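Numbering (full-length UniProt numbering), first residue to last: 1 to 345.
1) Check whether the Cβ atoms of residue 77 and residue 35 sit closer than 7 Å, and answer yes or no.
2) Taking residue 64 as part of the alpha helix (DSSP H), name the residues at either end of that continuous run.
3) Which residues bound the alpha helix (DSSP H) around residue 18?
4) Rounding to the nearest angstrom, what Cα-Cα distance links residue 85 and residue 91 in this structure?
5) Please look up how many angstroms separate the CB atoms of residue 61 and residue 53, rounded, as I've assumed it's under 8 Å.
6) With C-beta atoms as the reference, is residue 175 less than 7 Å away from residue 201?
7) According to DSSP, what are the bridge partners of residue 201?
8) Using the Cβ count rule (16 or more neighbours within 10 Å means buried), how would you classify residue 306?
9) How many whole angstroms separate the CB atoms of residue 203 and residue 79, which I take to be in contact at a CB cut-off of 8 Å?
10) Under 8 Å, with one C-beta from each stretch per pair, do the stretch 179 to 197 and the stretch 296 to 312 reach the 3-pair mark?
11) Using the rule of at least 16 other Cβ atoms within 10 Å of the residue's Cβ for burial, across every protein chain shown, is residue 22 buried or exposed?
12) What are the boundary residues of the alpha helix (DSSP H) that includes residue 35?
13) Could you spell out where the alpha helix (DSSP H) holding residue 157 opens and where it closes?
14) Comparing alpha-carbon positions, which option in 124, 185 and 145 lies nearest residue 158?
15) Applying the 10 Å Cβ sphere with the 16-neighbour rule, what's the burial state of residue 19?
16) Could you give the first and the last residue of the continuous beta strand (DSSP E) run that contains residue 81?
17) Give the DSSP bridge partners of residue 28, in chain order.
18) Would you kindly work out how many angstroms separate the C-alpha atoms of residue 128 and residue 96, rounded to a whole number?
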């Protein structure tokens, strides 16, 4: 396992991060199974775990807390805030009010008195970013969190955050967590360059495009029982892998071509997809989200793979740099793309 510096933090994290979005009802509800996944990840050299308050309505954080009893200091623990945690008007977003409540809830569920990396799960256009950075800075100074970062922010939002921090003498983002895969390369246009300029660590989510690059789905056929497409039907996480979705036809055609490249290189498509994200020098760590120990072990085999220039050139010829085949895979649709913001009525 390779270890890399996370931005300017001085923290050295493994090139693969254990993501726990599948811990709990969203994936594997068996607590002992999930703890075994954590055990196996640590044995393989993984030293960072990523979760979020919203995953399985908090259950993912609870399982992680149970799994880390007696070994909290061995792990860089990252979680996220911002997605709805209830029906209340203020049980979501990046306001001072909610972040103050949410961090205490996460600390309780995780059974810890500090979080290493606290991330904003999505931009919140209803809250002044200055207010958000102010409360995050306070939390660092109080010792409740060590560092903070963002997830699925656009490049201009990262730049704005840096400007505010500099002007107000607030602490700055240490990382960004964007979606990135062979078929969703949008962040190559500007986010990765912004991260380089501002020395942000990059933690990649959805390297397998929600599982589409696993080969589990067949175009036009019903999604497998218990699959993401079935569990999250109607949600963007389900739509991006739905074999019957019209907009996914192009992706399935491209995947056939990518499969040929993988075959010629003697790789599985999944391993090639994982290794692809690691080939970019701007990527610090790739998040994997297994439901079983077997899935974890299979994914981590990619840690030993380095793609050749010929393979990367062949991928570029099919999906050019900076291109995404599905805008939904960006993970967030800006409010300003709504029709009411684009037209004069």
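Every residue gets a Cβ at the ideal spot worked out from N, C-alpha and C, and that includes glycine. Bear in mind that the values here come from a model prediction, so they are computed numbers and not experimental data.
Checking against the coordinates, here is how it stands:
1) The sequence position of residue 77 within the chain shown is 77, counting from 1. The sequence position of residue 35 within the chain shown is 35, counting from 1. Against a cut-off of 7 Å, the Cβ pair of residue 35 and residue 77 comes out as no contact.
2) In the chain shown, residue 64 corresponds to position 64, counting from 1. Its alpha helix (DSSP H) spans residues 59 to 67.
3) Taking the chain shown and counting its residues from 1, the one referred to as residue 18 is at position 18. It is not in any alpha helix (DSSP H) - residue 18 instead sits in the beta strand (DSSP E) that spans 16 to 19.
4) Within the chain shown, residue 85 is the residue found at index 85, counting from 1. Within the chain shown, residue 91 is the residue found at index 91, counting from 1. Distance between the alpha carbons of residue 85 and residue 91: 6 Å.
5) Counting from one through the chain shown, the residue named residue 61 turns up at place 61. Counting from one through the chain shown, the residue named residue 53 turns up at place 53. That pair is a contact at about 6 Å.
6) As a position in the chain shown, residue 175 is number 175, starting the count at 1. As a position in the chain shown, residue 201 is number 201, starting the count at 1. Yes, the Cβ-Cβ distance between residue 175 and residue 201 is below 7 Å.
7) Here residue 201 corresponds to residue number 201 of the chain shown, with the count starting at 1. 175, per the DSSP bridge assignment.
8) As a position in the chain shown, residue 306 is number 306, starting the count at 1. Exposed, because fewer than 16 other Cβ atoms sit within 10 Å of the Cβ of residue 306.
9) Residue 203 sits at position 203 when you count from the first residue of the chain shown. Residue 79 sits at position 79 when you count from the first residue of the chain shown. The Cβ separation is near 12 Å, so there is no contact.
10) no
11) Along the chain shown, one-based indexing puts residue 22 at 22. With 16 or more Cβ atoms within 10 Å of its Cβ, residue 22 is classed as buried.
12) Along the chain shown, read from residue 1 onward, the residue named residue 35 stands at position 35. Segment 31 to 43, the alpha helix (DSSP H) holding residue 35.
13) For the purposes of this step, residue 157 is identified with residue 157 of the chain shown, where counting begins at 1. Per DSSP, residue 157 belongs to the alpha helix (DSSP H) from 155 to 168.
14) Here residue 158 is taken as the residue at index 158 of the chain shown, counted from 1. Answer by Cα proximity: 124.
15) Here residue 19 corresponds to residue number 19 of the chain shown, with the count starting at 1. Buried: at least 16 other Cβ atoms inside 10 Å.
16) By one-based count along the chain shown, residue 81 stands at place 81. Note, residue 81: beta strand (DSSP E), 76 to 81.
17) By one-based count along the chain shown, residue 28 stands at place 28. Residue 28 pairs with 23.
18) Looking up residue 128 in the chain shown gives position 128. Looking up residue 96 in the chain shown gives position 96. Looking at the two C-alpha atoms, the distance is approximately 10 Å.
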